[in-house]
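S.K.:
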Amino acid sequence: WLWTDGVLDRARARDEMVSAMASWAGDCDSPASCGLAMRRFRQREILRIGVRDIFKHVPLYSLTQDLSFLADAALEAALRAIYPVLHERFGRPMYHSRTGQTREARLGILGMGKLGGLELNFSSDIDLIFIHTDDGETEGGTSSAITNEEFFQKLGEQVIKLVSEQTAEGSIFRVDMRLRPYGRLSPLSISLPRALDYYEGCAQAWERQALLKARPVAGDLVLGGRLIEEAQPFIFPRYFDDETLNSTREIKQQMEAQIAARRETELDVKLGRGGIRDI
């Protein structure tokens, strides 16, 4: 397969990667069997991408794009495996639009950091933010109705488990959710209006800066794009005030102090002078 059908001279397009993983996992009869198929697909893709690196010597950006789209594909496959199970049990999460119509709420997944910037390496974890359209309740399931927040909390938990759980076939990607609005103490997913309120009024400067690399990676891509678009005034304020400048300077000084205490200012690739965090 590698020499006859494996794509070695270019990175696979996102839609191509998503479709390829979906074809492997599409016939599965449970999330667990889907997870097995996803892990085997990932192993094959890591072999292909590794050969592109070691044998073909392709440009670095082509490798990181391949790895990033592999993560996109894994998240899409996990959503497609878990959504139907939750829909059957709890029904569909619904909300009332501004025009008074009842509509189904959707989940959008944003990739942050290296995933958002198409810069994943072979050992990267993936930083994610989950948002859903709006708050409301589920309708039509075999169990009692639950809030949309509860529904997407369950969905998020199972997506993370399917992607990151260590099994006999390994894991697909480690997942980090610490960049989400309100941090570790918040639900895994919050509504778009609440997320925008957070970035407007509560977020620290570094949290707004983190949105520079945010990219919709799975689920409702349009919804993810709306968060990025509507948050632009908070990411790029019209006036760069002293408070924002001082906050940025304080973060930089804290990092410099931590790395200096370990005597790694000139050595640490990520946190040291001129390193990844500086960039």
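Here the sequence shown stands for residues 23 to 301, where the numbers follow my numbering.
No residue lacks a Cβ here, since even glycine has one placed at the ideal position from N, Cα and C.
Please read these numbers as outputs of a predicted model, since none were measured by experiment.
1) If you pair each beta-carbon of the stretch 87-103 with each one of the stretch 53-62, do three or more pairs fall below 8 angstroms?
2) Determine the closest residue to residue 151 out of 142, 138 and 143, with distance taken between C-alpha atoms.
3) When you compare the CB positions of residue 170 and residue 119, do they come within less than 9 angstroms of one another, or not?
4) Put residue 79 into one of helix, strand or coil per three-state DSSP.
5) Would residue 188 pass as a contact of residue 211 if the rule is Cβ separation under 9 angstroms?
6) Compute the distance between the beta-carbons of residue 84 and residue 74, then report whether it is under 9 angstroms.
7) In three-state terms, what does DSSP make of residue 259?
8) Output the boundary residues of the beta strand (DSSP E) element that contains residue 43.
9) Look at the alpha carbon of residue 27 and the alpha carbon of residue 65, and state the distance between them as a whole number of angstroms.
10) Closest to residue 192 by CA distance: which of 198, 166 and 184 is it?
11) Taking the alpha carbon of residue 233 as the point to measure from, which residue in 258, 209 and 240 has its own alpha carbon closest?
12) So, is residue 46 buried or exposed, given that buried needs 16 or more other C-beta atoms within 10 angstroms?
13) Just grab the DSSP bridge partners of residue 197 for me.
14) When you compare each of 154, 283, 246 and 200 to residue 229 by their alpha carbons, which one comes out closest?
15) Leaving out five residues on either side along the sequence, give the residues of the same chain with a beta carbon under 7 angstroms from the beta carbon of residue 161.
16) For residue 196, which residues from the same chain have a beta carbon less than 6 angstroms from its beta carbon, with the 5 sequence-adjacent residues on both sides left out?
17) For my contact list, residue 89 and residue 144 are in at a C-beta cut-off of 8 angstroms; report their separation, rounded to the angstrom.
18) What would DSSP say about residue 158, mapped onto helix, strand or coil?
19) I think residue 190 touches residue 158, with their Cβ atoms under 8 angstroms apart; what is that distance to the nearest whole Å?
20) Give me the Cβ distance between residue 54 and residue 194, rounded to the nearest whole Å; I'm assuming they're in contact under 8 angstroms.
21) Give the range of the alpha helix (DSSP H) segment to which residue 278 is assigned.
22) In angstroms with no decimal places, state the Cα-to-Cα distance between residue 35 and residue 52.
23) Confirm, please, whether the CB-CB distance from residue 227 to residue 203 is below 9 angstroms.
24) Got a sec, what are the start and stop residues for the alpha helix (DSSP H) residue 212 sits in?
25) For the putative contact between residue 177 and residue 129, defined by C-beta atoms under 8 angstroms, what is the C-beta separation to the nearest angstrom?
26) Helix, strand or coil for residue 130? Go by DSSP, reduced to three states.
27) Exposed or buried, which one is residue 222 when buried takes at least 16 other CB atoms within 10 Å?
M.R.: In brief:
1) A contact exists between the stretch 87-103 and the stretch 53-62.
2) 138
3) no
4) coil
5) no
6) The answer is yes: Cβ separation under 9 angstroms.
7) Reduced to three states, the DSSP call for residue 259 is coil.
8) For residue 43, no beta strand (DSSP E) segment is defined; the enclosing uninterrupted segment is the alpha helix (DSSP H) at 36-47.
9) Approximately 16 angstroms between the Cα atoms of the pair.
10) Ranking the options by Cα distance to residue 192, first place goes to 184.
11) 258
12) With 16 or more other Cβ atoms inside 10 Å of its own Cβ, residue 46 counts as buried.
13) 148
14) Comparing Cα positions, the closest option is 200.
15) 113, 114, 116 and 167
16) 147 and 186
17) Contact holds; Cβ gap of about 7 angstroms.
18) coil
19) Wrong, their Cβ atoms sit about 40 angstroms apart, outside the cutoff.
20) Actually they are not in contact, since the Cβ atoms of residue 54 and residue 194 sit about 14 angstroms apart, beyond 8 angstroms.
21) 264-283
22) 27 angstroms
23) no
24) From DSSP, residue 212 is part of no alpha helix (DSSP H) but of the beta strand (DSSP E) over 211-213.
25) 6 angstroms
26) strand
27) Classification of residue 222: exposed, given that the 10 Å Cβ count is below 16.
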